[in-house]
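Have a look at the structure below before the remarks.
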Amino acid sequence: MLTHFLLGASLLTAATASVGAEPSFAASGREAHAMLARLCDDFGGRLTGSAANRGAMEQLANELRALGYEPEWNTFTFPGWERGDDRVELIEPFARPLRVAALAYTQPHAAFDAVVVDLGDFEPGKLSPGLELAGKVGLLSPTTRLTTRDFARLAAEQGLRAVLFINREAGGQLLARTGSFVGEALPVPVYSITQEEGRWLQRLLARERPVRVRMETRSRCRDVETANLVLRLPGRSPERVVVGAHFDSWDLGQGALDNGLGTAQLFAFAHALRGQTLARTLELVWFNGEEQGLWGSRHAAATLGDAPVVAMINLDMVGVPIAVNALGDESLVPALERWEQQRPARMPQGVQNINWFGSDHTPYQLAGVRAVTFNAPIPRESVRYYHDLADTIDKLPEKIVVESTVIIAEVMLALVNDAELGAWRRTPAATQKLFTDFGLEPRMRAVGYWPFR
Ligand SMILES: [Zn+2]
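Here this note's numbering runs 2 ahead of the position in the sequence shown, where the first position is 1.
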């Protein structure tokens, strides 16, 4: 039913009031790619709480000031984590260091030696009977269906001293998966190990060759004070469209795709819209703490109060869109269809309406705000590197930033200008249904997001 949505129609005029020249999102996309290349090369990965993250965010704020803006810092504290000088080496059948990276929320541990045991998928009831786990280090397959939180807890219950989790991407990569999503310390150290080294250890164990490792962990949990960076472009109406992208990344690489891309897209909008006054207020938000559990967007959504928000657009690794997604909220579909139908070139997959969980749109949705994401695949040869050392600016062609920026800007302006869309929130019951209808409750429950109030 659309009645509630039509009743919310406001008195806005449909036209964009332009004070300056027509914005060129393509030209601004090129500027944004260059800005991102500087951030990546000058600061590296932007793990929330690190000096690199802080420095890069200050640099972004300076770049926005150079455009004539005054961005705001919205600070918050969350249970964070820092990587220390961890050491994991093989000592039997021969000595050599292993290529590993601790998963977030791994805690410090003094050096110890232990034999390695193959856990397979670590499905309860599927381990070989009589297999002794206490005091050993478990080697876990990438095909496990357990969450990090669950397998770490199970490992501790069985007396394992640590887990080596084999990476699901081949090619010497690490961190395909990450640590706790709720800020809890892992009860045993958990390390990502390359697929090649993990498979090798599995083969040795299958032939009953003894495998021993030595491990020393200095990474640690700590409270982290950080900030979201917010840039508000006041419109003729205080009703807002929020466009958010997480600024933080993992630390091993440069976080160019995840999510330097979204960081650049937001910058391109700011760059293109200098001197413009839009029908509605546009709020651009660079979130921190996304990778460790959506902390920045949770903070932003929790501080929304009853601000009149028309919709939130989330940009997390958005390449060139082939579809726009209303995330299960029917009331947003007509506006997206109106936009899609007036385009000269239609979207290959049009308007979708499928909710999904796992990025910064979720906290806004849980606050009753309508949200939008894009189906916008990034080429496999780039996306396979995300989270790891090789997520670097050379994997992100300027063309992707430019073409994606142009299409996302169209959707953003459609929501800014659509007079039939009012600022509107779902009831908690309707919000709950939005997640249960799409079967998302079990996954959200597994990472501590359910019940949500
Ligand atoms: Zn991301």
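Ideal Cβ placement from N, Cα and C applies to all residues, glycine included.
Please check the pair residue i and residue j, which I expect to be a contact at CB under 8 Å, by giving their CB distance rounded to whole angstroms.
| i | j | result |
| --- | --- | --- |
| residue 170 | residue 150 | Between residue 150 and residue 170 the Cβ distance is about 13 Å, and since that is not below 8 Å, they are no contact. |
| residue 418 | residue 282 | 5 Å |
| residue 147 | residue 123 | 7 Å |
| residue 362 | residue 318 | 7 Å |
| residue 359 | residue 442 | 5 Å |
| residue 167 | residue 142 | 5 Å |
Looking at residue j and residue i, is the spacing between their C-beta atoms short of 8 Å?
| i | j | result |
| --- | --- | --- |
| residue 78 | residue 297 | yes |
| residue 54 | residue 45 | yes |
| residue 316 | residue 249 | no |
| residue 219 | residue 191 | yes |
| residue 42 | residue 394 | yes |
| residue 176 | residue 196 | yes |
| residue 334 | residue 325 | no |
| residue 384 | residue 397 | yes |
| residue 485 | residue 231 | Absent from the model: residue 485. The displayed extent of the chain is 3 to 455, so no value can be given. |
| residue 276 | residue 38 | no |
| residue 27 | residue 274 | yes |
| residue 102 | residue 140 | no |
| residue 109 | residue 233 | no |
| residue 212 | residue 119 | no |
| residue 34 | residue 266 | yes |
| residue 339 | residue 353 | yes |
| residue 182 | residue 106 | yes |
| residue 300 | residue 346 | no |
| residue 76 | residue 313 | no |
| residue 280 | residue 237 | yes |
| residue 341 | residue 405 | no |
| residue 245 | residue 59 | no |
| residue 378 | residue 311 | no |
| residue 254 | residue 47 | yes |
| residue 81 | residue 225 | yes |
| residue 407 | residue 270 | yes |
In this structure, how does DSSP classify residue i when only helix, strand and coil are distinguished?
| i | result |
| --- | --- |
| residue 319 | coil |
| residue 436 | helix |
| residue 51 | coil |
| residue 409 | helix |
| residue 94 | strand |
| residue 180 | coil |
| residue 72 | coil |
| residue 116 | strand |
| residue 229 | strand |
| residue 388 | coil |
| residue 89 | strand |
| residue 419 | helix |
| residue 451 | coil |
| residue 458 | The requested residue 458 is not part of the displayed model; the chain covers only 3 to 455. |
| residue 79 | strand |
| residue 269 | helix |
| residue 64 | helix |
| residue 209 | coil |
| residue 45 | helix |
| residue 106 | coil |
| residue 325 | strand |
| residue 356 | coil |
| residue 380 | coil |
| residue 158 | helix |
| residue 12 | In this prediction, residue 12 has a pLDDT of 37, which is less than 50 and means its spatial position is unreliable; what the coordinates show is noted afterwards. In the structure shown, residue 12 sits in coil (DSSP, three-state: anything other than H, G, I, E or B). |
| residue 25 | coil |
| residue 142 | strand |
| residue 131 | coil |
| residue 84 | strand |
Buried or exposed, going by whether 16 or more other CB atoms sit within 10 Å of the CB of residue i?
| i | result |
| --- | --- |
| residue 73 | buried |
| residue 426 | buried |
| residue 367 | buried |
| residue 304 | exposed |
| residue 153 | buried |
| residue 130 | exposed |
| residue 159 | exposed |
| residue 356 | exposed |
| residue 128 | exposed |
| residue 437 | buried |
| residue 372 | buried |
| residue 93 | exposed |
| residue 264 | buried |
| residue 163 | buried |
Just list the residues that DSSP pairs residue i with in beta bridges.
| i | result |
| --- | --- |
| residue 246 | 287 and 316 |
| residue 457 | For the chain, the structure presents residues 3 to 455; residue 457 sits outside this window and is missing. |
| residue 111 | 219 |
| residue 193 | 104 and 166 |
| residue 239 | 282 |
| residue 350 | Residue 350 is not bridged to any residue. |
Should residue i be listed as close to ligand 3, given that the test is whether its C-beta is under 7 Å from any heavy atom?
| i | result |
| --- | --- |
| residue 318 | Ligands in the displayed structure: ligand 1; ligand 3 is not one of them. |
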